[in-house]
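There are 2 protein chains.
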Amino acid sequence: MTPVAASWLPLSPGERSVAIEVLLGGPLSRTELARRLDLSAGSLTRLTKPLIESGLLVEVPEAGVPAEARQGRPSQPLDVVAESRSFIGFKVTEDMVYGVVTTLRSEIVARYDRPLPSREPAAVVETLGEMTDTLAAAHPRLAGIGIGVGGLVEDRSVVGESPFLEWRDVPLAELVEERTGLPVVVENDVAALVEAETWFGAGRGLERFVVLTIGAGIGYGLVLGGKRVPYAEEDRGFGRHWIVDPNGPLTPDGARGSAVSLLTIPNIRYQVQAATGRERTYEEILGLAAAGEPMPARVIEEAARALGTLVAQIGNFVLPQKILLAGEGVGLMDVAGKTVTETIRAQRHPLAAPIDLETKVSDFHDWARGAAVLAIQVLVLGATDA
Amino acid sequence: MTPVAASWLPLSPGERSVAIEVLLGGPLSRTELARRLDLSAGSLTRLTKPLIESGLLVEVPEAGVPAEARQGRPSQPLDVVAESRSFIGFKVTEDMVYGVVTTLRSEIVARYDRPLPSREPAAVVETLGEMTDTLAAAHPRLAGIGIGVGGLVEDRSVVGESPFLEWRDVPLAELVEERTGLPVVVENDVAALVEAETWFGAGRGLERFVVLTIGAGIGYGLVLGGKRVPYAEEDRGFGRHWIVDPNGPLTPDGARGSAVSLLTIPNIRYQVQAATGRERTYEEILGLAAAGEPMPARVIEEAARALGTLVAQIGNFVLPQKILLAGEGVGLMDVAGKTVTETIRAQRHPLAAPIDLETKVSDFHDWARGAAVLAIQVLVLGATDA
DNA sequence: GCCACTTACTTTTGCGGCGAAAGAATCCAG
DNA sequence: CTGGATTCTTTCGCCGCAAAAGTAAGTGGC
């Protein structure tokens, strides 16, 4: 393996907690940090000093409140130097690689995509290598690479099984490290998106958080105590076995009335085509449904009820503080959001805490960004968990 | 408030973790404890010394392995002195109080029940007081009382709302403390059962654990990271809104096809009576179903499918390591367990980890024991969380 | 313009908990 | 009886923290 910069610096547990808190919580004064981390003011001085000296943190010129009832010595907020390091995130699909460069804060500063000439591991590694070369030229201070792939990933480095790439046990992290000389983290794409949302997105700071992705398939991510829960059937088509409506439609792709049959884009298109004989894109179907065309409207309504049922069940059993709907197949919410919320209401106790439901139509660059966040977590902060 | 012995002794965090580990993990040597708690051998000597001196722990005469490949100085297992303190647990129903006395290990050493002359708070407190007097005579060294009631309990002391007792905002803990002079913990009965199972029962040491109780109603308890998750609709009939089968039976008690309609004892009896015109006990219905009587068999089969669906959904979304089915209404599993497991299988991914499903028919003394465990947690170990 | 007051941060100091390492205890094997 | 193995105890020193005192930098009263 190439010599690797390991973690940025050997961060003590105390320093790490400060770094993460500032990274996730925006600029924070030392006093505020002391309160949040339950430490004394003196400890904060001690912990922040090396972080500032190393360039990870800087004192920023007091953004806060303009000139209210503030009194006493002004606080001196600290912030991470987001640009001090850059990260690359790749999302590998069966025919494309989508790439982004992000800051330490996971803000996307560049995008770069390329078609995949072949699915052979060597070809994929070479494509990733060339893309990294190109990006490295424009973005110095690269600290690491994160790669998201659909399929089963082991130890954040080996692609154990990826049906669409037709890979088995490919040590992708090692190969790309050899090619690029940068440390590499590989993860399942849904897992990466979930981690990204947990750290920097909708799930920031939450104890119980669920991500449901709808696209070509169904993805499910569960975050408990700030940590993502891994599970055996991850990314192996479990949504085909979630029976939402036993009398629902039967499609070639899943059990009758399963979440896959009812909700995924290919299966919604299949249903409409089977009924009308015409092939339509997902967007066309949504448009027709919104315009009141009976058949697409019926399919979309049924999907919305299925989604509402799923969300209600998750809400009832997992008691999450928030559920994020992501992926390309959540456009549904714009057309039939009312049906979804009504279905949820019908299957929840009136006194139950209302479900905080967030919708985020994500494109492939969001998936790539998720992979970059993995790299940030592992490489800079040395955090295997949060 | 009566002078209260507070925690047994002021336990340092380190001492507390040792005490809990030994309490839950049986006799353990210092070396074993050092490994489990990730401490050095020296620390264990330091931490165990005061615990032994105070009488909470003792060295026991080496139960373990007979004479195998053991070499070197024999280990000196430590165990809690289970009898060093006794605890009372009460389960209050609308017409009865069920009481138990337990050891520190939550082993039941005595049972004592009494009918409730009235639901007035004063009468209930007096009944509890007299029962405590009786039990105290036979069991010295009482350290505290735990009380489980159906309904909403706040701060482990005030009964906020209990429909069947017709109470609102009764400071039960305070009243019983005044009457008995012992520290008192009050908790919702399901919550107490869940805590007991988490500490001493089926959920011992698990990260994710679910308890589903079936009886007069449906109870749900979620344990994540070893801690029970509280929720707003707790014990307020949420099961009426879990729609398991939209085409299921309609009963006076819940929405069509809800878990309450399909699974609870009163609703199963209602269904059988509505169809056959004859009133039957739950046990009779189970017997008839087992004997192949069509109508009861149909109701029980439908209930079993509903239970299987619920368990599968919980398994899919919560990913628990274990699900405990408890209460008086799980006799179902003996008659139609096969249907339940088949339904679960149909709605789970083949690669998913099989659900560890445990069934425990519990009586009222198990509920009372749960309340006693709460007292152990709070009063002895000063643990608001595990 | 001076001074009291407030709040933020830094420095100093002391203590508690922990690990490392050496030593004592207690077994087994030859 | 000696040497090895394992557990437990003792000693020692370090690290990390809090407490407290000191310094810095602002506001407002007079």
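Just so you know, the sequences run in chain order U and P. If you read the first sequence in my numbering, its first letter stands for residue 282, the second for the next number, and so on. If you read the second sequence in my numbering, its first letter stands for residue 282, the second for the next number, and so on. Backbone N, C-alpha and C fix where the C-beta goes; we use that ideal spot for every residue, glycine too.
>> Tell me which residues share the same chain as A607(U) and place their Cβ nearer than 7 Å to its Cβ, disregarding the 5 neighbours each side in the sequence.
In response: L474, V492, T494, K641, S643
> Whose C-alpha, out of F481(P), Q594(P), V341(P), R366(P), is nearest the C-alpha of S356(P)?
Replying inline: That would be V341(P), whose Cα lies nearest to the Cα of S356(P).
> List, in order along the chain, the chain P residues whose C-beta lies closer than 9 Å to that of F519(U)?
Replying inline: N597, R629, H630, L632, A633
>> Let's see if you can read the secondary structure: which residues bound the alpha helix (DSSP H) around D644(P)?
In response: Note, D644(P): premise wrong, no alpha helix (DSSP H); not H, not E.
> Among F598(P), A571(P), P577(P), which one has its Cα closest to the Cα of R561(P)?
Replying inline: Answer by Cα proximity: P577(P).
> How many Å lie between I636(U) and W523(P) at the Cα?
Replying inline: 15 Å
> Is any beta-carbon of chain P found at less than 8 Å from that of G307(U)?
Replying inline: no
> Are there 16 or more other CB atoms within 10 angstroms of the CB of E478(U), so buried, or fewer, so exposed?
Replying inline: buried
> Looking only at DSSP bridge pairs, what is G535(P) linked to?
Replying inline: Under DSSP, G535(P) takes part in a beta bridge, and its partners are T532(P).
> The alpha helix (DSSP H) spanning Y551(U) covers which residue range?
Replying inline: 546 to 557
>> Quick check: T329(P) and L338(P), are their CB atoms within less than 8 Å of each other?
In response: By the CB criterion at 8 Å, T329(P) and L338(P) fall inside the cutoff.
>> Considering just the uninterrupted stretch of the alpha helix (DSSP H) at R579(U), what are its terminal residues?
In response: 575 to 599
> Just how far apart, CA to CA, sit R670(P) and I566(P)?
Replying inline: Coverage of chain P is limited to positions 282 through 667, which leaves residue 670(P) absent and any answer about it impossible.
> For the stretch 569 to 601 of chain U, which residues have a beta carbon sitting closer than 7 Å to at least one beta carbon of chain P?
Replying inline: Q594, I595, N597, F598, V599, L600
> Could you give the C-beta distance for L662(U) and A300(U), rounded to a whole number, given that I count them as a contact under 8 Å?
Replying inline: 6 Å
>> I want to verify the contact list: residues of chain U whose CB lies under 7 Å from the CB of A513(P), in sequence order.
In response: Under the 7 Å cutoff, chain U gives L632, A633, A634.
> Considering only residues of the stretch 365 to 447 of chain U, which uninterrupted alpha helix (DSSP H) runs meet the minimum length of 4 residues and lie entirely inside it, listed in chain order?
Replying inline: 402 to 419
> Assuming L503(U) contacts L544(U) under a Cβ cut-off of 8 Å, what Cβ separation, rounded to an integer in Å, is found between them?
Replying inline: In fact, because the Cβ distance is near 18 Å, the residues do not count as touching under 8 Å.
> Where does I636(U) fall in DSSP's three states?
Replying inline: coil
> According to DSSP, is R561(P) helix, strand or coil?
Replying inline: coil
> Going by alpha carbons, who is nearest to G518(U) out of R626(U), W648(U), N528(U), F445(U)?
Replying inline: F445(U)
> Using CA coordinates, which residue listed in E388(U), H646(U), N469(U) is at the minimum distance from R366(U)?
Replying inline: Just measuring C-alpha positions, the residue of E388(U), H646(U), N469(U) sitting nearest R366(U) is E388(U).
> If you measure beta-carbon to beta-carbon, which residues of the stretch 501 to 512 of chain P are closer than 7 Å to chain U?
Replying inline: L503, L505, G506, V510, Y512
> Excluding the five sequence neighbours on either side, which residues of its own chain have a C-beta within less than 8 Å of the C-beta of Q602(U), listed in chain order?
Replying inline: L487, E488, R489, F490, D637
> Name the chain U residues whose beta carbon is nearer than 8 Å to that of I604(P)?
Replying inline: Within 8 Å Cβ-Cβ: nothing; I604(P) doesn't reach chain U, min ~11 Å.
> CB L359(P) to CB R311(P), shorter than 8 Å?
Replying inline: yes
> In chain order, what residues of the same chain lie with their CB nearer than 8 Å to the CB of E302(U), ignoring the 5 residues before and after it?
Replying inline: L309, L314, R317, L318
>> Short of 8 Å in beta carbon distance, which residues of its chain neighbour M377(P), apart from the five on each side in sequence? Order them along the chain.
In response: D394, R395, P396, L397, F645
> Do the CB positions of A572(U) and G427(U) come within less than 8 Å of each other?
Replying inline: no
> Which word fits G370(P), buried or exposed, when buried means at least 16 other C-beta atoms lie within 10 angstroms of its C-beta?
Replying inline: buried
>> Quick test of your reading: L505(P) and G410(U), contact by CB under 8 Å. State the CB separation rounded to the nearest angstrom.
In response: Rounded, the Cβ-Cβ distance is 42 Å, inconsistent with contact.
> Which word fits D470(U), buried or exposed, when buried means at least 16 other C-beta atoms lie within 10 angstroms of its C-beta?
Replying inline: Buried, because 16 or more other Cβ atoms sit within 10 Å of the Cβ of D470(U).
> Run through DSSP, which three-state label would V654(U) get?
Replying inline: helix
> In terms of alpha-carbon separation, which member of Y563(P), V654(P), E435(P), G568(P) lies closest to V451(P)?
Replying inline: E435(P)
>> Give me the subset of the stretch 522 to 537 of chain U whose CB atoms are less than 9 Å from a CB atom of chain P, sorted by chain position.
In response: Near chain P, meaning a CB-to-CB distance below 9 Å, the residues of the stretch 522 to 537 of chain U are H522, W523, I524, D526, P527, N528, A536.
> Along the chain, where does the beta strand (DSSP E) that runs through L505(U) open and close?
Replying inline: 499 to 505
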